[in-house]
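Letter 17 of the sequence shown, counting from 1, is numbered 16 in numbering that gives the first Met the number 0, and no numbers are missing.
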Amino acid sequence: MSLLSKKMQPPKKDGGGRPPSDDDDGLSRLLPDEPAGPPPAAGGGSLRSAAAAAASLSQKREEAPREAPKKDEAKKAFIPVIEPGDPLPESGPFAVGSGVRRVVVNEVRDDGTWLLDTGYVVPAKKRTTGRVLKLRKQLRTKLLAFPDEADTWGRYDASKVKILVERLDTVLKKMDVRLSRDEYEELKERVLDDLLGFGAIQPLVQDRGISEIMVNGPDIIFAEMKGKLRETEIVFDDEEHVYWTAQRIVRPLMRSLNRSNPMVDARLPDGSRVHLVTLPSALLGTTITIRKFPEKRLTVDDLIKFGSFTKDVAEFFEACVVSRLNIVVSGGTGSGKTTLLNVLSAYIPEDERIITVEDSAELQLAQRHVVRLETCPPIPGTEDEGVLTIRDLVKGTLRMRPDRLVVGECRSGEALDMLQAMNTGHDGSLTTVHSNSPRDAVARLETLCMMAGMDLPVEVIRSQIASAIHMFVQQSRLKDGSRKVVQLTEMQGMEGNQVTLQNIFVYSTTGQAGNDYSHEGGGTLEPTGFPPRFLDQLKQFGFKLSSRIFGAGKQRF
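Structure below.
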């Protein structure tokens with residue numbers, strides 16, 4: 000029988016009664032059966048034997064056990080997961096939290112710090128001890144006659160502290176709880192912080208060297224000191240603890256923080272500004288951002304000492320404010336706009352009526368004749384009932400016979416009403432706006448005016464800006480954390496469809512390239528050599544400034 004005819008026949012069964020394996024690659028089907036025997040001699044053998052050997056090798060590979068993963072690979076594959084506050088594993092790596100809260104810790108150091116997989120070092124945290132933690136949570140509400148009883152009590156009011164300590168001792172005695180002296184002192188201080196202060200962040204609120212506090216959930220709290228941010232060792236017990244503190248902040252202001260209103264602007268009793276966001280918007284837990292006010296009102300001399308601007312610029316500021324120029328302070332977030340606005344407002348004469356309008360009251364004016372207005376949120380349970388926006392308040396101030404109008408910040412359509420007030424006899428108005436430069440501030444004001452809902456051409460809005468504003472003061476936070484005035488720019492009017500701006504002072508450093516202000520520290524605010532066009536108006540109010548202030552004959556830009 001030929002090979003071709005054999006190929007066309009059905010496959011034979013082997014000795015085990017089964018068809019040949021597919022691993023033979025069909026070679027065995029083309030050859031006659033060969034009796035089992037010793038392997039062929041070297042240099043000989045048939046194709047059938049080669050096929051059988053190949054099939055045997057393939058079967059051995061299939062039956063061979065897979066190599067076990069290396070120890071290091073297995074260790075990387077499984078990372079234990081714990082929750083914040085749980086006992087730590089003996090060694091890393093391990094994960095804390097889950098989802099967006101998950102962080103991977105590679106190492107727990109001897110000093111208690113954590114080395115994350117990103118290379119960031121988390122400071123050692125000061126947590127409430129287990130027994131005190133449980134009692135603190137239980138007694139937080141039992142020591143109050145009603146939830147908001149202590150909302151207006153001060154942390155260091157001796158009479159209020161005495162009341163709560165007596166209640167604490169009574170409750171512990173009834174519960175038959177025995178604590179060591181250290182545990183009792185810890186519990187007492189923690190409970191007083193919760194009921195009379197602001198919970199875990201009370202030490203940060205009291206620290207005068209800290210300018211901002213940022214709570215990013217129970218376990219992550221940052222603070223700004225001398226312009227630099229750092230993570231603190233302070234933590235809240237849990238999300239409920241943060242929410243308790245947030246409610247203590249907003250309740251005295253008759254504002255609500257809940258699912259219906261998850262974001263609130265508020266302030267502390269000392270005037271510090273607070274912004275709060277809670278679940279479900281705050282994915283890491285209730286967020287609290289506090290911008291603190293110094294206990295002592297900052298003055299011009301303080302800012303000169305800090306290097307924010309020079310004495311010559313201070314003299315120029317006084318002349319501009321007293322001469323009723325309309326000034327816009329521009330800058331980024333946290334650059335010191337409100338502080339500078341506060342200092343400029345101090346130049347307003349005592350015999351003028353000042354009305355301030357703010358989203359959250361921050362200005363600290365020293366004059367006697369001041370009317371302070373603040374926006375009003377909707378009545379809890381309603382969408383817009385009882386609401387007063389900045390725009391509503393700005394419109395209302397025009398009927399209150401203001402000599403000076405000071406708007407904390409223009410963020411929306413109120414910019415148009417502010418410009419209208421400046422153009423209709425309310426000279427000497429002051430406000431702030433978020434922008435990176437004076438020219439950007441012009442574009443920003445154009446955008447805000449369009450948000451007023453009026454279908455005005457851009458050219459008309461631009462013309463209003465050019466005729467209303469006399470000067471922009473640019474404030475910036477530099478790389479070294481210092482906050483300085485970096486640009487004083489005059490609005491000179493319109494040329495065609497574009498506004499014309501001229502720098503009067505520009506902050507510069509040694510070796511700086513370009514005409515824009517420097518972002519490095521250690522520089523000075525220098526005159527450009529171009530005196531402003533409104534000098535005649537300053538002279539009418541009795542200010543005859545030396546040409547030296549403006550660097551006459553020394554044009555450097």
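Heads up, the beta-carbon is just placed ideally off N, CA and C, and yes, glycines get one too.
Close Cβ partners of residue i (< 6 angstroms) along its chain, the five nearest in sequence each way excluded
{"i": "residue 549", "result": "526, 530"}
{"i": "residue 403", "result": "347, 351, 353, 427"}
{"i": "residue 378", "result": "384, 385"}
{"i": "residue 88", "result": "79"}
{"i": "residue 262", "result": "276"}
{"i": "residue 42", "result": "No answer about residue 42 holds up, because its pLDDT of 46 lies below 50 and its placement is not dependable."}
{"i": "residue 423", "result": "none"}
{"i": "residue 282", "result": "99"}
{"i": "residue 349", "result": "366"}
{"i": "residue 419", "result": "none"}
{"i": "residue 36", "result": "Bear in mind that a pLDDT of 46 at residue 36, under 50, signals an unreliable position, so the number given afterwards is only what the model happens to contain. None."}
{"i": "residue 516", "result": "485, 486, 505, 506"}
{"i": "residue 392", "result": "356, 372"}
Any non-hydrogen atom of the ligand ATP closer than 7 angstroms to residue i Cβ
{"i": "residue 208", "result": "In terms of ligand content, the structure shown is empty, and the ligand ATP therefore cannot be addressed."}
Alpha-carbon spacing of residue i relative to residue j, whole angstroms
{"i": "residue 236", "j": "residue 390", "result": "41 angstroms"}
{"i": "residue 493", "j": "residue 462", "result": "7 angstroms"}
{"i": "residue 259", "j": "residue 249", "result": "15 angstroms"}
{"i": "residue 284", "j": "residue 133", "result": "20 angstroms"}
{"i": "residue 535", "j": "residue 318", "result": "11 angstroms"}
{"i": "residue 136", "j": "residue 190", "result": "9 angstroms"}
{"i": "residue 33", "j": "residue 77", "result": "Residue confidence for residue 33 is low, a pLDDT of 45 falling below 50, so the modelled location carries little weight and cannot support an answer."}
{"i": "residue 500", "j": "residue 430", "result": "18 angstroms"}
{"i": "residue 522", "j": "residue 338", "result": "21 angstroms"}
{"i": "residue 363", "j": "residue 408", "result": "15 angstroms"}
{"i": "residue 252", "j": "residue 166", "result": "27 angstroms"}
{"i": "residue 28", "j": "residue 93", "result": "Model confidence at residue 28 stands at a pLDDT of 45, short of 50, so the residue's coordinates are unreliable and nothing is read from them."}
{"i": "residue 207", "j": "residue 447", "result": "36 angstroms"}
{"i": "residue 356", "j": "residue 265", "result": "15 angstroms"}
{"i": "residue 214", "j": "residue 491", "result": "44 angstroms"}
{"i": "residue 400", "j": "residue 415", "result": "19 angstroms"}
{"i": "residue 575", "j": "residue 185", "result": "Summary: the structure shown does not reach residue 575, with the chain confined to residues 0 through 556, and so no result is reported for it."}
{"i": "residue 308", "j": "residue 510", "result": "20 angstroms"}
{"i": "residue 149", "j": "residue 254", "result": "16 angstroms"}
{"i": "residue 485", "j": "residue 118", "result": "35 angstroms"}
{"i": "residue 297", "j": "residue 268", "result": "18 angstroms"}
{"i": "residue 569", "j": "residue 304", "result": "Nothing about residue 569 can be read from this structure; the chain reaches only from 0 to 556."}
{"i": "residue 129", "j": "residue 240", "result": "15 angstroms"}
{"i": "residue 532", "j": "residue 312", "result": "16 angstroms"}
{"i": "residue 140", "j": "residue 146", "result": "7 angstroms"}
{"i": "residue 112", "j": "residue 231", "result": "12 angstroms"}
{"i": "residue 242", "j": "residue 323", "result": "46 angstroms"}
Beta-ladder partner(s) of residue i, from DSSP
{"i": "residue 289", "result": "212, 273"}
{"i": "residue 233", "result": "125"}
{"i": "residue 476", "result": "482"}
{"i": "residue 506", "result": "524"}
{"i": "residue 433", "result": "330"}
{"i": "residue 492", "result": "499"}
{"i": "residue 266", "result": "272"}
{"i": "residue 471", "result": "327, 488"}
{"i": "residue 403", "result": "353"}
{"i": "residue 102", "result": "95"}
{"i": "residue 81", "result": "95"}
Test: residue i CB closer than 8 angstroms to a CB of chain D
{"i": "residue 239", "result": "The structure shown has no chain D; it contains just one protein chain."}
Same chain, Cβ closer than 8 angstroms to residue i, neighbours up to 5 away in sequence not counted
{"i": "residue 445", "result": "457, 460, 461, 464"}
{"i": "residue 551", "result": "528, 530"}
Residues of its chain near residue i, where Cβ-Cβ distance is below 7 angstroms and the 5 sequence neighbours each way are ignored
{"i": "residue 543", "result": "none"}
{"i": "residue 115", "result": "102, 103, 104, 105, 121"}
{"i": "residue 557", "result": "As shown, the chain starts at 0 and ends at 556. That puts residue 557 outside it, with no answer to give."}
{"i": "residue 477", "result": "483, 518, 519, 520"}
{"i": "residue 209", "result": "203, 222, 223, 224, 291"}
{"i": "residue 246", "result": "256"}
{"i": "residue 438", "result": "500"}
{"i": "residue 316", "result": "343, 346"}
Nearest-angstrom Cβ-Cβ length linking residue i and residue j, presumed shorter than 8 angstroms
{"i": "residue 212", "j": "residue 234", "result": "Actually they do not touch by this definition, with Cβ atoms about 13 angstroms apart."}
{"i": "residue 373", "j": "residue 360", "result": "5 angstroms"}
{"i": "residue 395", "j": "residue 452", "result": "About 18 angstroms; that fails the 8 angstroms criterion."}
{"i": "residue 472", "j": "residue 487", "result": "6 angstroms"}
{"i": "residue 142", "j": "residue 163", "result": "6 angstroms"}
Practice task
Answer yes if the segment 258-275 comes into contact with the segment 285-292, meaning at least three C-beta pairs across the two stretches below 8 angstroms, and no otherwise.
Solution key: yes
Exercise for the section: Examine the Cβ distances between the segment 473-492 and the segment 221-230 and report whether three or more of them are shorter than 8 angstroms. Expected result: yes
Exercise for the section: Determine, using beta-carbon pairs with one atom in the segment 329-349 and one in the segment 430-441, whether at least three such pairs fall under 8 angstroms. Expected result: yes
Exercise for the section: Determine contact between the segment 152-162 and the segment 193-208, defined as no fewer than three beta-carbon pairs at a distance below 8 angstroms. Expected result: yes
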